[in-house]
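Enquirer: All residue numbers for the sequence shown refer to the numbering used here, where the first residue is 110 and numbers rise by one.
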Amino acid sequence: MSSEKTILVIEDDREISATVQSVLASAGYRVIAANNGADGRRLIQSQKPDLVLTDMMMPRVGGFPVLEFLGEMESPPPVIMMTANEGSRHKAYAEMLGVVDYLRKPFAMEVLLDSVARALASDTNE
């Protein structure tokens with residue numbers, strides 16, 4: 110099942126992006142990546158991922174404009190936001206924009222995989 114799922118990782122930190130991509134690929138997911146929100150939006154349109162993992166703070170276009178862009182879609186993929194930001198206002202805004210999970214960096218890769226599995230499972234139940 111997971112081998113058919115495509116996950117887009119939008120993260121400007123190369124090390125974090127590479128680690129997340131490697132863990133997801135090892136778990137059997139097809140992974141595509143962007144290092145900013147502008148490229149991420151283009152990949153969302155062209156690749157139609159099953160799930161989006163996005164950082165909050167990135168150069169050019171950050172995570173919130175990506176969430177706003179997804180909110181305009183007819184049937185957007187679920188989104189998990191990854192951030193080092195501790196602010197509860199940011200978390201509340203992200204949840205208002207529809208994120209299914211909010212992971213504070215650093216997080217264990219098991220936590221990421223559990224979150225991804227839950228997001229993909231809940232998306233197929235709708």
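Heads up, the beta-carbon is just placed ideally off N, CA and C, and yes, glycines get one too.
Output needed for His199: all residues of its chain with C-beta closer than 6 angstroms, excluding positions within five of it in sequence on either side, in chain order.
Expert: Here residue 199 is taken as the residue at index 90 of the sequence shown, counted from 1. Here the set comprises nothing.
Enquirer: Between which two residues does the alpha helix (DSSP H) harbouring Met205 extend?
Expert: Start at 1 with the first residue of the sequence shown, and residue 205 comes out as number 96. Here the alpha helix (DSSP H) through Met205 covers Ser197 to Met205.
Enquirer: Suppose you measure from the CA of Val208 to the CA of Ser197; what does that come to, to the nearest Å?
Expert: Counting from 1 along the sequence shown, the entry for residue 208 is found at position 99. Counting from 1 along the sequence shown, the entry for residue 197 is found at position 88. C-alpha separation (whole angstroms): 14 angstroms.
Enquirer: Thinking C-beta only, is Thr192 closer than 9 angstroms to Asp164?
Expert: If you number the sequence shown from 1, residue 164 lands on position 55. If you number the sequence shown from 1, residue 192 lands on position 83. Cβ distance < 9 angstroms, so Asp164 and Thr192 count as in contact.
Enquirer: Within the same chain, show all residues whose beta-carbon is closer than 8 angstroms to that of Arg151, passing over the 5 residues directly before and after it, in chain order.
Expert: Locating residue 151 in the sequence shown gives position 42, counting from the first residue. Closer than 8 angstroms at the Cβ level, and outside the excluded window around Arg151, lie Ala143.
Enquirer: Distance check for Val170 and Glu177, CA to CA, integer angstroms please.
Expert: Locating residue 177 in the sequence shown gives position 68, counting from the first residue. Locating residue 170 in the sequence shown gives position 61, counting from the first residue. Going from the Cα of Glu177 to the Cα of Val170 covers about 11 angstroms.
Enquirer: DSSP state of Asp148, grouped into three classes?
Expert: Taking the first residue of the sequence shown as 1, we reach residue 148 at position 39. Correct three-state label for Asp148: helix.
Enquirer: Note down, in chain order, each residue of its chain lying with its Cβ closer than 7 angstroms to the Cβ of Ala147, except the 5 sequence neighbours on either side.
Expert: By 1-based counting over the sequence shown, the position of residue 147 is 38. Here the set comprises Arg169 and Val170.
Enquirer: So which of Glu124, Val188 and Ala127 has the shortest CA-CA distance to Ile157?
Expert: Looking up residue 157 in the sequence shown gives position 48. Here residue 157 turns out to be Lys, not Ile, going by the sequence shown. For Lys157, the nearest C-alpha among the options comes from Val188.
Enquirer: Would you call Met110 buried or exposed, if buried means 16 or more other Cβ atoms sit within 10 Å of its Cβ?
Expert: As a first step, residue 110 is located in the sequence shown; it is residue number 1 there, counting from the start. Low confidence applies to Met110: its pLDDT is 43, below 50, so where it sits in the model is not reliable, and the reading given next is rough at best. Classification of Met110: exposed, given that the 10 Å Cβ count is below 16.
Enquirer: Considering only the beta carbon of each residue, do Val175 and Ile119 sit closer than 9 angstroms?
Expert: Locating residue 175 in the sequence shown gives position 66, where the first residue counts as 1. Locating residue 119 in the sequence shown gives position 10, where the first residue counts as 1. Yes, these two residues count as a Cβ contact at 9 angstroms.
Enquirer: Hey, would you say Val161 sits closer than 9 angstroms to Gly149, going by beta carbons?
Expert: Within the sequence shown, numbered from 1, the residue matching residue 161 stands at position 52. Within the sequence shown, numbered from 1, the residue matching residue 149 stands at position 40. Yes, these two residues count as a Cβ contact at 9 angstroms.
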